[in-house]
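Taken in sequence, the protein lines are chains A and B.
Residue numbers for the first sequence follow the UniProt record's numbering, so the first one is 1 and each next one is one higher.
Residue numbers for the second sequence follow the UniProt record's numbering, so the first one is 1 and each next one is one higher.
Take a look at the structure set out below.
Number of protein chains: 2
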Amino acid sequence: MTDKDTTLRFDPAFDANGLVTAVVTDRTGALLMVAHMNAEAIAATQASGEATFWSRSRQRLWKKGESSGNVLRVVELRVDCDQDALWVIADPAGPACHTGARSCFYRRVDGGALVPLA
Amino acid sequence: MTDKDTTLRFDPAFDANGLVTAVVTDRTGALLMVAHMNAEAIAATQASGEATFWSRSRQRLWKKGESSGNVLRVVELRVDCDQDALWVIADPAGPACHTGARSCFYRRVDGGALVPLA
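As structure tokens, then:
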């Protein structure tokens, strides 16, 4: 057990790029998407109540739904033992995936093949 | 939409360290842990049916439960749109967290404080 495991102080363990992993599910536990947050994105998420990430490809703050309107309203934020991952429980206003799928996880892995989920 | 979004070929988008993010939930959608897999870990997971990760801290292949016995039996493996994250749906043989908690996410974030979950 380390201090990160037991502390009641929120002290994210950012990686070399200043990021933690952010996992988004809805209230039922359906995994919607995985993205990353830096300190600024965490602060924006907490202030607005809508999930905001750091876009690694665009290298900028990215509020989910800023263009599509499909925001993720935060119900609860949780952190893992070593504080390098966040669990965002959210009510999605629409599809979470840029493909239009409800979840980014719309294919299961079967060996080297992918099978679309019903 | 890109080829990664639509292909039915499993072609993980490894990062500069050769890793993808692996999110583990149980069948109910409870988020148990977040870790990383390299190609070897994915192959071991698929071959054994038990979740195997790449330990970044120890820089070695790490079968979850190898010492504790708390293995994660894989029910289904899913991949996200851009294939840089995996969703491992698993039956846990015991606590997923090294602290003894069922899930690594045993604290919610309230501003700058953490609140233990019941």
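Positions of the beta carbon are idealized from the N, C-alpha and C atoms, including for glycine.
A straight line joining the alpha-carbon of A/Thr2 with that of B/Gly94 spans about 21 Å. Residue range Ala39 to Ser48 is occupied by the alpha helix (DSSP H) that includes A/Glu40. With contacts defined as CB atoms closer than 9 Å, B/Leu31 and A/Trp87 qualify as a contacting pair.
B/Lys63 and B/His98 have their C-alpha atoms some 13 Å from each other.
Only residues of its own chain outside the window of five on either side were considered, and among them Arg107 and Arg108 have a CB closer than 8 Å to the CB of A/Leu114, listed in chain order.
Annotation for A/Lys4: Asp82 and Gln83 place their beta carbon closer than 6 Å to its own, counting only its chain and skipping 5 residues before and after. Sorting A/Ala41, A/Gln59, A/Met33 and A/Ala96 by C-alpha distance to the C-alpha of A/Ser67 places A/Ala96 at the top. In the DSSP assignment, the residues bridged to B/Leu61 are B/Trp54. Within the model, the alpha-carbon separation for B/Thr7 versus A/Gln46 is close to 36 Å.
At a Cβ-Cβ threshold of 9 Å, A/Arg27 and A/Asp91 count as neighbours.
Interface residue (Cβ-Cβ distance to chain B less than 9 Å): A/Met33 is classified as such. The C-beta of B/Gln46 comes closer than 9 Å to at least one C-beta of chain A. Scanning its chain for C-beta atoms nearer than 8 Å, with the 5 sequence neighbours on each side dropped, one finds around A/Leu19 the residues His36, Met37, Asn38, Trp54 and Arg56, in chain order. Contacts with chain A (Cβ-Cβ distance below 7 Å) from the stretch 67 to 89 of chain B involve Glu76, Leu77, Arg78, Val79, Asp80, Cys81, Ala85 and Trp87, listed in chain order. A straight line joining the alpha-carbon of A/Gly69 with that of B/Gly69 spans about 45 Å. Of the candidates A/Val23, A/Ile42 and A/Gly29, the residue whose Cα lies closest to the Cα of B/Gly112 is A/Ile42.
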